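Participant: The structure under discussion is supplied below as structure tokens; questions concerning it will follow.
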Amino acid sequence: MEVKRQKLGDVNDLRVRRHTAPDLLRGDMEDKDLERYVTERVLTTTVERAVGWAQGNSLYPLTFGLACCAMEQIHIVAARVDIARFGFEAFRASPRQADLIILSGRVSIKMAPVIRRIWDQMLEPKWAISMGACCTSMGVFNNYALVPSDKFMPIAVHVPGCPPRPEALMHGILKLRDQIQGNAPAGWRDRYEAEGTEEVLPEAGTQDSADISVFRPGDTAGA
Amino acid sequence: MTLTGRGDSEQSGSTTLTEDYRKREESITFSSEPAGTGETHELLTLNIGPHHPSTHGVLRLLATLEGEVVRDIKPIIGYVHTGIEKTAEDKAYWKVIPVVERMDYLGYYFNAMAFCGAVETLLGTEVPPRAQYLRVIHLELNRIASHLVWLGTSALDLGAISMFWYCYRERELILDLFEMSSGQRMHTRYFQVGGVMEDIPRGFEQKLRQFLKIMPPRADQYADLFEKNQILLERLRGTGIVDRETLLELNVTGPLLRASGEPWDLRKAAPYSSYDHFDFKIPVGTVGDNYDRFRVRHAEIYQSVNIIQQAIDGLPEGEHITTDRKVALPPRHELATSMEALIHHFKLVTEGFRVPPGEAYYPIEGPRGELGCFVRSDGSAKPARVHMRDPSFSNLQALAPMVKDSYIADLIATLAMLDPILGGIDR
Amino acid sequence: MPDATGLELTAQELRDSDSDSIRDTEFHRGRAVLVANPEKIRLVLEHLRSKGYTFLASLHGVDYYPHEPRLGVLYEMLDRSTVDRISVKARVSTDAPRIDSVVDMFPGANFPEREVYDMFGVVFDGHPDLRRILMPEDYEGHPQRRDFPVGGEPVLFTYNEEQSYGKYM
Chain A
86 MEVKRQKLGD VNDLRVRRHT APDLLRGDME DKDLERYVTE RVLTTTVERA VGWAQGNSLY
146 PLTFGLACCA MEQIHIVAAR VDIARFGFEA FRASPRQADL IILSGRVSIK MAPVIRRIWD
206 QMLEPKWAIS MGACCTSMGV FNNYALVPSD KFMPIAVHVP GCPPRPEALM HGILKLRDQI
266 QGNAPAGWRD RYEAEGTEEV LPEAGTQDSA DISVFRPGDT AGA
Chain D
2 MTLTGRGDSE QSGSTTLTED YRKREESITF SSEPAGTGET HELLTLNIGP HHPSTHGVLR
62 LLATLEGEVV RDIKPIIGYV HTGIEKTAED KAYWKVIPVV ERMDYLGYYF NAMAFCGAVE
122 TLLGTEVPPR AQYLRVIHLE LNRIASHLVW LGTSALDLGA ISMFWYCYRE RELILDLFEM
182 SSGQRMHTRY FQVGGVMEDI PRGFEQKLRQ FLKIMPPRAD QYADLFEKNQ ILLERLRGTG
242 IVDRETLLEL NVTGPLLRAS GEPWDLRKAA PYSSYDHFDF KIPVGTVGDN YDRFRVRHAE
302 IYQSVNIIQQ AIDGLPEGEH ITTDRKVALP PRHELATSME ALIHHFKLVT EGFRVPPGEA
362 YYPIEGPRGE LGCFVRSDGS AKPARVHMRD PSFSNLQALA PMVKDSYIAD LIATLAMLDP
422 ILGGIDR
Chain Y
10 MPDATGLELT AQELRDSDSD SIRDTEFHRG RAVLVANPEK IRLVLEHLRS KGYTFLASLH
70 GVDYYPHEPR LGVLYEMLDR STVDRISVKA RVSTDAPRID SVVDMFPGAN FPEREVYDMF
130 GVVFDGHPDL RRILMPEDYE GHPQRRDFPV GGEPVLFTYN EEQSYGKYM
């Protein structure tokens, strides 16, 4: 019987890698092999991104529904648009335990201080989603009885619609998740390569009468 | 009893009225003072706040408890008051429909139906039979959808959590049908003054028949889930009993009244929109407890399926909206050929139709009771007053006698079976 | 609905019992309305209840601005045995907006009367608990009156968005 001695073959072979592991532990592995060994097995990231990843994937929404948008919000818990796919099905009744409040519905002036108190009771980190047209802007009812939610609490994501489809709300929650994880979505100007379309408001007093356009922003008294 | 004002109290108007008001306000604030003594124990005032998982919306209840027993309950509402009636005075009649739809947000077709019915009464327009049948189909579908939400969320409150997903499975099918006929799942603006916005598309009838075929066995499944759950039966049977006379005095209508034995249903008593063409029964309870309320609403699902089946089988041909061009938009193809159609279109879109002055009250049977719309017109294109008589507003007054001297757990069960919709209560 | 003659008969009966209880009758598109004197409203409703209209379907207010007397309180009565509806209208002016409460006759009028007080300012004498029901307790003004502004936020454009919303925007 002849014994052939050969150099170790392809390092991607599992047996070969298993045999090189004791070399690592003993401190005998070379630089190139060591680097490849480490990059194959270890994920490096910053603490912020790691924490953001964890927080974004484990949001506890608050059981909070105000009006019609709450009916569509309940639909995201139901089977067709399943919020449990993302891990957010643990709705918490107590604001102390929740970190996401979805303002679903119209905020009336009697309810606004109540919502503010609930928001204050929530512990950091916390986020708010304003769902639907009524709490984002005034919605269909632009009258004495409603308050836009931006006036009394900071909102992270606004979801338009009256009511927004459950898929739309899900899209909003996932956008919030991207924000939390540090991948805030690019604005539409980046997506559509529309740099240079920003509206530049002139400083007061820099307008001179030689300008061709006679319209100044703020002049729309009759519009 | 004197007929002209309070005998002993002040005639000097505002200041003493304010004092009286402030005294009354203090009676409802939640203070740390004990509220007195009940039969054996001290009374505690507990605030079941506007944010609570089982209050079905933003209802605030001040419960006076003695131990676990509820001695008194005061509902405080207004947390989702939207000023719908005020906003409706500011908009043309056509534009009021989406505003008024958002009132009772589970029975959106019913709100639109009541308003359109009142305006049609004032205008004197006839609704074509096809439109009436289409309205009935959508109304009954909405009734089923509303009962499904009630069933799912009530079961969630009472602990039978898995019922929720079954109910919402069917509700998704119904919302698909709504999306097919009008493009929106909720708040569809499908009902217009004079008929419906558009005729049903191809494929709607087929999908509807499919739905009607599977709905009764699914409703049987819900009954099975409930009936075999002993805890649920114990919680519902014999709790929250109020007799018929008290309910009638409190102006309660709908399944709550029918559960206590009174067979009052506006679809049978004062039929509107060709409900008298259909043959259906009205489920009526016997004892008037929470179990009867559940049973009545559950049986209404079958009856609604029955009505829709008859309606889709007998759907007449014809127009889907009135041909009166002063009220309804002309079809688009006419705009290219007819000058009058163009003028009518222009007038309707810019100003809206004018309604001769008068007042009308149009009551219909919503999923929670008598939903009435009062419209006062002063001859212009905007209504002068729109008031919706909401069934939940009156039904909420019946909560106090229902839960008196029962446990908090029974309070939660009764509130679930009461089916309050705060959007309708607060308007 | 009672037809026009039925309405006149009912009005006549009421005028027989108390001469100034009914001021007017209206009949429009099949709906019968008795315009009652607000001071005699309890008498009118009691009479109607004895005639069979036992169910108070709706109690709501209307502002008839600019016609005086401005504030109207409407009672929609329903006779369930014959499915008959009749309305009673009582108009009061804004200087003396008082009317008797019917809560002891119809306990279901509790919340609706509070709502009319809240929205229009009509004070119901004899109501056990007349407080604001829909607006916050310390709100000033009666929103549903026609001279109360609709209110609301201005539409935001880029030039005014910083001024309009608070520091959170």
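Protein chains in written order, with our numbering: chain A, 86 to 308; chain D, 2 to 428; chain Y, 10 to 178.
Glycine included, C-beta positions come from ideal geometry on N, C-alpha and C.
Please read all numbers here as calculations on a predicted model, not as lab measurements.
#1: Looking at chain D, is there any beta carbon in it that lies within less than 8 Å of the beta carbon of GLY61(Y)?
#2: Using a Cβ-Cβ distance under 8 Å, would PRO75(Y) count as near chain D?
#3: Against ILE309(A), what residues of chain Y qualify as contacts under a CB-to-CB distance less than 7 Å, listed in chain order?
#4: DSSP on GLY15(Y), reduced to helix/strand/coil?
#5: How many Å lie between ILE1(D) and VAL70(D) at the Cα?
#6: TYR277(A): buried (16+ other C-beta within 10 angstroms of its C-beta) or exposed?
#7: Mapping DSSP to helix, strand and coil, what is GLN185(D)?
#8: Can you list the beta strand (DSSP E) stretches of 3 or more residues lying completely in the stretch 127 to 174 of chain Y, in chain order?
#9: Since VAL242(A) sits in a beta bridge, which residues does DSSP pair it with?
#10: How far does the beta strand (DSSP E) with GLY359(D) in it reach, from first residue to last?
#11: With DSSP collapsed to three states, give me the class of ASP263(A).
#12: On the premise that ARG236(D) lies in contact with GLY262(D), defined as a C-beta separation below 8 Å, what is that separation, rounded to the nearest angstrom?
#13: What alpha helix (DSSP H) runs, 4 residues minimum, are completely inside the stretch 146 to 233 of chain A?
#14: Given a threshold of 16 other Cβ atoms within 10 Å of its Cβ, counted over all protein chains shown, does THR126(D) qualify as buried or as exposed?
#15: List the residues of chain D that GLU85(Y) touches, going by C-beta distances under 9 Å, in chain order.
#16: Return helix, strand or coil for GLU246(D), following the three-state DSSP convention.
#17: At a CB-CB cut-off below 8 Å, which residues of chain D make contact with SER102(Y)?
#18: Extract the residue ranges of the beta strand (DSSP E) inside the stretch 162 to 207 of chain D, only unbroken runs of 3 or more that lie entirely within it.
#19: Determine whether the Cβ of MET207(A) lies closer than 8 Å to any Cβ atom of chain D.
#20: Taking the beta carbon of ASP105(D) as the centre, do at least 16 other beta carbons fall within 10 Å, making it buried, or is it exposed?
#21: Which of the three DSSP states, helix, strand or coil, is assigned to PHE179(Y)?
#22: Measure from the alpha carbon of PRO76(D) to the alpha carbon of each residue in ASP29(Y), LEU23(Y), ASP138(Y), then state which is nearest.
#23: Among VAL97(D), LEU209(D), ASN252(D), whose alpha-carbon lies nearest the alpha-carbon of PHE64(Y)?
#24: I need the straight-line Cα distance from VAL328(D) to LYS269(D), nearest angstrom please.
#25: DSSP on PRO79(D), reduced to helix/strand/coil?
#26: Per DSSP, which residues does GLU67(D) bridge with? Please list them.
#27: Secondary structure at TYR84(Y), three-state DSSP: helix, strand or coil?
#28: Quick one: measure Cβ to Cβ for HIS388(D) and HIS69(Y), integer angstroms, because I've assumed they're closer than 8 Å.
#29: Do you know offhand how far ARG259(D)'s Cα is from GLU250(D)'s?
#30: By the 10 Å Cβ neighbour count, where 16 or more other Cβ atoms means buried, how is THR447(D) classified, buried or exposed?
#31: Could you round the C-beta distance between ARG377(D) and GLU360(D) to whole angstroms and report it? I think they count as a contact, below 8 Å.
#32: Which of helix, strand or coil does DSSP assign to GLU43(D)?
#33: Applying the criterion that 16 or more other CB atoms from any shown protein chain within 10 Å of the CB defines a buried residue, is ALA308(A) buried or exposed?
#34: Could you check how far apart the C-beta atoms of ARG429(D) and HIS53(D) are, in whole angstroms? I think they sit under 8 Å.
#35: Can you give me the start and stop residues for the alpha helix (DSSP H) that GLU283(A) sits inside?
#36: Assign ALA410(D) to buried or exposed, taking buried as 16 or more other Cβ atoms, counted over all protein chains shown, within 10 Å of its Cβ.
Facilitator: Taking the structure as given:
#1: Here the question's residue 61(Y) lines up with position 52 in the third sequence. GLY61(Y) has a beta carbon lying at 8 Å or more from every beta carbon in chain D.
#2: The residue given as residue 75(Y) occupies position 66 in the third sequence. False, the Cβ-Cβ gap to chain D never drops below 8 Å.
#3: As displayed, chain A neither begins before 86 nor continues past 308, which places residue 309(A) out of reach and without an answer.
#4: Translated into the one-based positions of the third sequence, residue 15(Y) becomes position 6. GLY15(Y) falls in the helix class under three-state DSSP.
#5: A query on residue 1(D) cannot be resolved here, the shown segment of chain D reaching from 2 to 428 and no further.
#6: Taking the first residue of the first sequence as position 1, residue 277(A) is located at position 192. So TYR277(A) counts as exposed.
#7: Taking the second sequence and counting its residues from 1, the one referred to as residue 185(D) is at position 184. In this structure, GLN185(D) counts as coil in the three-state DSSP scheme.
#8: With a minimum length of 3 residues, the continuous beta strand (DSSP E) runs that stay inside the stretch 127 to 174 of chain Y are 132 to 134.
#9: Along the first sequence, read from residue 1 onward, the residue named residue 242(A) stands at position 157. Note: VAL242(A) sits in a beta bridge opposite ILE214(A).
#10: Position 358 of the second sequence, counted from the start, is the residue given in the question as residue 359(D). Its beta strand (DSSP E) spans residues 359 to 367.
#11: Position 178 of the first sequence holds residue 263(A). In this structure, DSSP gives ASP263(A) a helical state, which the three-state scheme calls helix.
#12: In the second sequence, counting from the first residue as 1, residue 262(D) sits at position 261. In the second sequence, counting from the first residue as 1, residue 236(D) sits at position 235. Contact between GLY262(D) and ARG236(D) fails: their C-beta atoms lie close to 22 Å from each other, not under 8 Å.
#13: Counting only runs of 4 or more, we get 153 to 160, 197 to 206, 218 to 221.
#14: Taking the second sequence and counting its residues from 1, one reaches residue 126(D) at position 125. Buried: at least 16 other Cβ atoms inside 10 Å.
#15: Sequence index remark: in the third sequence, residue 85(Y) carries index 76 (1-based). Per Cβ cutoff of 9 Å: TYR362, PRO364, GLY373, PHE375, ARG390.
#16: Residue numbering aside, residue 246(D) sits at position 245 when the second sequence is read from its first letter. It is helical.
#17: Start at 1 with the first residue of the third sequence, and residue 102(Y) comes out as number 93. The premise fails here: SER102(Y) is roughly 14 Å from chain D at the closest Cβ pair, so nothing lies under 8 Å.
#18: Look at the stretch 162 to 207 of chain D and you find no whole run of beta strand (DSSP E) that is 3 residues long or longer.
#19: Here residue 207(A) corresponds to residue number 122 of the first sequence, with the count starting at 1. Chain D contact via Cβ: absent.
#20: Within the second sequence, numbered from 1, the residue matching residue 105(D) stands at position 104. So ASP105(D) ends up on the buried side.
#21: In this structure chain Y extends from 10 to 178, so residue 179(Y) is not present and cannot be described.
#22: The count along the second sequence starts at 1 and reaches residue 76(D) at position 75. It is ASP138(Y) whose Cα lies nearest to the Cα of PRO76(D).
#23: Here residue 64(Y) is taken as the residue at index 55 of the third sequence, counted from 1. Out of VAL97(D), LEU209(D), ASN252(D), ASN252(D) has the C-alpha closest to the C-alpha of PHE64(Y).
#24: Taking the second sequence and counting its residues from 1, the one referred to as residue 328(D) is at position 327. Taking the second sequence and counting its residues from 1, the one referred to as residue 269(D) is at position 268. Whole-angstrom Cα-Cα distance: 29 Å.
#25: Reading the second sequence from its first residue, position 78 is the one you call residue 79(D). With the sequence shown as reference, residue 79(D) is identified as Gly, and Pro is not the correct amino acid for it. Shown here, GLY79(D) sits in coil according to DSSP, grouped into three states, outside any helix or strand.
#26: To locate residue 67(D), count along the second sequence from 1; it is residue 66. Note: GLU67(D) sits in a beta bridge opposite VAL70(D).
#27: Looking up residue 84(Y) in the third sequence gives position 75. When DSSP states are grouped into helix, strand and coil, TYR84(Y) belongs to the strand group.
#28: As a working note, residue 388(D) is residue 387 in the second sequence. As a working note, residue 69(Y) is residue 60 in the third sequence. The Cβ separation is near 5 Å, so the contact holds.
#29: Start at 1 with the first residue of the second sequence, and residue 259(D) comes out as number 258. Start at 1 with the first residue of the second sequence, and residue 250(D) comes out as number 249. Straight-line measurement puts the Cα of GLU250(D) at about 14 Å from the Cα of ARG259(D).
#30: Given that chain D is displayed from residue 2 to residue 428, the structure contains no residue 447(D) and the question cannot be resolved.
#31: For the purposes of this step, residue 377(D) is taken as the residue at position 376 of the second sequence. For the purposes of this step, residue 360(D) is taken as the residue at position 359 of the second sequence. Right, the Cβ-Cβ distance comes to about 5 Å (below 8 Å), so this counts as a contact.
#32: Walking along the second sequence from the start, residue 43(D) turns up at place 42. Of the three classes helix, strand and coil, the one that applies to GLU43(D) here is strand, per DSSP.
#33: Sequence index remark: in the first sequence, residue 308(A) carries index 223 (1-based). At ALA308(A) the pLDDT is 40, less than 50, meaning the model places this residue with poor confidence; the figure from the coordinates comes in the next sentence. Taking all protein chains in view, the Cβ of ALA308(A) is surrounded by fewer than 16 other Cβ atoms within 10 Å, so the residue is classified as exposed.
#34: The structure shown has nothing for residue 429(D), since chain D only spans 2 to 428.
#35: As a working note, residue 283(A) is residue 198 in the first sequence. Taken as a continuous stretch (DSSP letters only), GLU283(A) belongs to no alpha helix (DSSP H), as it is neither H nor E.
#36: As a working mapping, residue 410(D) is identified with position 409 in the second sequence. So ALA410(D) counts as exposed.
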